[in-house]
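Scroll down for the structure; my scribbles are underneath it.
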Amino acid sequence: MPYYRQVGAVPRHRHTQFRTPEGRLYYEELMGEEGFSSDSSLLYHRGVPSAIVASEPWELPDLATRPNHPLKPRHLRLHSLTASLPPDDVNAVEHRRLVLGNADVRISYGMATVPSPYYRNAIGDECVYVESGAGTVETVFGAISYTAGCYVVIPRATTHRWIPDQPSLLYAIEASSHIGPPKRYLSTHGQFLEHAPYCERDLHGPAEPKVCEGEQVEVLVKHRGPGASGVLGTRLTYATHPLDVVGWDGCLYPYTFHTDDFMPITGKLHQPPPVHQVFEAHNFVVCNFLPRKVDYHELAVPVPYYHSNVDSDEVMFYVGGDYEARKGSGIGLGSISLHPGGIAHGPQPSAIEASLGAERFEESAVMVDTFRPLEIGEAGWASEDPDYAWTWAADQA
Numbered sequence: 001m002p003y004y005r006q007v008g009a010v011p012r013h014r015h016t017q018f019r020t021p022e023g024r025l026y027y028e029e030l031m032g033e034e035g036f037s038s039d040s041s042l043l044y045h046r047g048v049p050s051a052i053v054a055s056e057p058w059e060l061p062d063l064a065t066r067p068n069h070p071l072k073p074r075h076l077r078l079h080s081l082t083a084s085l086p087p088d089d090v091n092a093v094e095h096r097r098l099v100l101g102n103a104d105v106r107i108s109y110g111m112a113t114v115p116s117p118y119y120r121n122a123i124g125d126e127c128v129y130v131e132s133g134a135g136t137v138e139t140v141f142g143a144i145s146y147t148a149g150c151y152v153v154i155p156r157a158t159t160h161r162w163i164p165d166q167p168s169l170l171y172a173i174e175a176s177s178h179i180g181p182p183k184r185y186l187s188t189h190g191q192f193l194e195h196a197p198y199c200e201r202d203l204h205g206p207a208e209p210k211v212c213e214g215e216q217v218e219v220l221v222k223h224r225g226p227g228a229s230g231v232l233g234t235r236l237t238y239a240t241h242p243l244d245v246v247g248w249d250g251c252l253y254p255y256t257f258h259t260d261d262f263m264p265i266t267g268k269l270h271q272p273p274p275v276h277q278v279f280e281a282h283n284f285v286v287c288n289f290l291p292r293k294v295d296y297h298e299l300a301v302p303v304p305y306y307h308s309n310v311d312s313d314e315v316m317f318y319v320g321g322d323y324e325a326r327k328g329s330g331i332g333l334g335s336i337s338l339h340p341g342g343i344a345h346g347p348q349p350s351a352i353e354a355s356l357g358a359e360r361f362e363e364s365a366v367m368v369d370t371f372r373p374l375e376i377g378e379a380g381w382a383s384e385d386p387d388y389a390w391t392w393a394a395d396q397a
């Protein structure tokens, strides 16, 4: 995170005695990135944060992937995945289904109708887009509320659980690295610059500690392992409740960012996807395309031109409005399009002429661009529209 926060009670100086009203020491934990060389926070626990009493395997959902071969663009209908889920007993952690993935990022989809178990992703940060619903994420740093249209960004190894107030559809982007604002938006000291499409006011972290009581508390941990997926699961049982932090301070914590607070950058002619970027991580970026005014040159073509992503795969998740460039392709709300590196892609031919003279697009989509090829997970294969790759030829103007 680019700025410092203090929540709850902390001592005047770091690494000094800090006692409970009864005179017992609180236990200080440094949670930091890149060893001791990057962003960190100091948390003050009532119990010993490393006191585990049991460790057992956690059987993860199917994380196997297969290459996009033979190579072709693909359309995945994610809303079809929720039809088989039991509507009264689905949580945001155990019922995620893997759609796409590689060594840098895994994209999953799921629904939440009941509270999840406590969970910690020890592989990388998570950026979860809330397609619909509302609720709370309780974390070791405190609670944060989410609504439809939010990103919930959770740093690596943050213990948390999802508590939906309304049934929620969640699009989880799990990194093998850290996720943060693009460096070009930040000063050398980490402040958002004037050209950035959002700023510190738009990021909402916990406002107060969430101190829970309890013993023998189980936490599901996703962590690094061998094999094709590189992921293992473990059930850790803690002697005392892991959400027992009375205060913390630092620059590392979970937060929400709502897409309503992103200010789209527009121009006289069509602007390329980097102007829509919201986050970056190792070997992938996250962009959002939102309702906006479009190009105002008298001869402008508002929909995007055909382009070849020679270095990346492009994943577009369509979440709102009517995406002008894809009319006639079968793409709709809840769709994912996967356009792999090596194949040119762009608007449906008939959409180009139809867009001329448009002054505004009412569309919302979340895009992930990866710099290693994506493979397809079980949920991707289960939701595929097999006719999508041929729609450009069928729509020749």
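Residues in the sequence shown are numbered from 1 upward in steps of one, following full-length UniProt numbering.
The beta carbon of each residue, even a glycine, is placed where N, CA and C say it ideally should be.
These figures come from a predicted structure and were not determined experimentally.
Counted within 10 angstroms of its Cβ, other Cβ atoms place residue 107 as buried (16 or more) or exposed: Translated into positions along the sequence shown, residue 107 becomes position 107. Buried, by the Cβ-count rule.
Among 218, 283, 285 and 331, the one whose alpha carbon lies nearest that of residue 55: One-based indexing of the sequence shown puts residue 55 at position 55. Nearest of 218, 283, 285 and 331 to residue 55, Cα basis: 218.
How about residue 99 and residue 380: are their beta carbons less than 8 angstroms apart? Indexing the sequence shown from 1 puts residue 99 at position 99. Indexing the sequence shown from 1 puts residue 380 at position 380. Yes, the pair counts as a contact, with Cβ atoms nearer than the cut-off.
Based on DSSP bridge pairs, tell me the residues matched to residue 27. Counting from one through the sequence shown, the residue named residue 27 turns up at place 27. Note: residue 27 sits in a beta bridge opposite 45.
State the beta-bridge partners of residue 458 as determined by DSSP. The shown model of the chain, from 1 to 397, leaves out residue 458, and the question about it has no answer.
To which residues of the same chain is residue 150 closer than 8 angstroms at the C-beta, ignoring the five residues directly before and after it? On the sequence shown, residue 150 is found 150 positions in, with the first residue counted as 1. The residues are 129, 130, 256, 257, 258 and 259.
Counting only the same chain and skipping the five closest in sequence on each side, list residues whose C-beta sits under 7 angstroms from that of residue 322. Along the sequence shown, one-based indexing puts residue 322 at 322. The residues are 362 and 363.
Helix, strand or coil for residue 165, going by three-state DSSP, please let me know. As a first step, residue 165 must be located in the sequence shown, where it is residue number 165. Reduced to three states, the DSSP call for residue 165 is strand.
How is the alpha helix (DSSP H) around residue 370 delimited, first residue to last? The sequence position of residue 370 within the sequence shown is 370, counting from 1. Not the alpha helix (DSSP H): residue 370 falls in the beta strand (DSSP E), residues 363–370.
Just the Cα atoms here: how many angstroms apart are residue 132 and residue 166? The count along the sequence shown starts at 1 and reaches residue 132 at position 132. The count along the sequence shown starts at 1 and reaches residue 166 at position 166. Those two C-alpha atoms are separated by around 9 angstroms.
Tell me the rounded alpha-carbon separation between residue 354 and residue 242. By 1-based counting over the sequence shown, the position of residue 354 is 354. By 1-based counting over the sequence shown, the position of residue 242 is 242. If I take the Cα positions, the gap works out to 56 angstroms.
For the beta strand (DSSP E) holding residue 234, just list the boundary residues, first then last. Position 234 of the sequence shown holds residue 234. First-last of the beta strand (DSSP E) with residue 234: 231–240.
Spatially closest choice to residue 4 from 189, 343, 295 and 342, by CA coordinates: Taking the sequence shown and counting its residues from 1, the one referred to as residue 4 is at position 4. The residue with the shortest Cα to Cα distance from residue 4 is 189.
State buried or exposed for residue 274, treating a residue as buried only when at least 16 other CB atoms are found within 10 Å of its CB. One-based indexing of the sequence shown puts residue 274 at position 274. It counts as exposed.
For residue 348, does the count of other Cβ atoms within 10 angstroms reach 16, so buried, or fall short, so exposed? Here the question's residue 348 lines up with position 348 in the sequence shown. With 16 or more other Cβ atoms within 10 Å, it is buried.
Any contact of the stretch 57–68 with the stretch 245–254, i.e. 3+ C-beta pairs under 8 angstroms? no
Residue 81 versus 48, 67, 27 and 170, residue with shortest Cα-Cα distance: Here residue 81 refers to the residue found at position 81 of the sequence shown. Closest by alpha carbon: 170.
Let me check one thing: in DSSP terms, what residues is residue 253 bridge-paired to? Numbered from its first residue, the sequence shown carries residue 253 at position 253. Within the DSSP secondary-structure output, residue 253 pairs in no beta bridge.
For residue 134, which three-state DSSP category applies? Here residue 134 is taken as the residue at index 134 of the sequence shown, counted from 1. Here DSSP, grouped into helix, strand and coil, assigns residue 134 to strand.
Which term fits residue 386, buried or exposed, when burial requires 16 or more other beta carbons within 10 angstroms of its beta carbon? Residue mapping note: residue 386 aligns to position 386 of the sequence shown, counting from 1. Residue 386 is exposed by the Cβ-count criterion.
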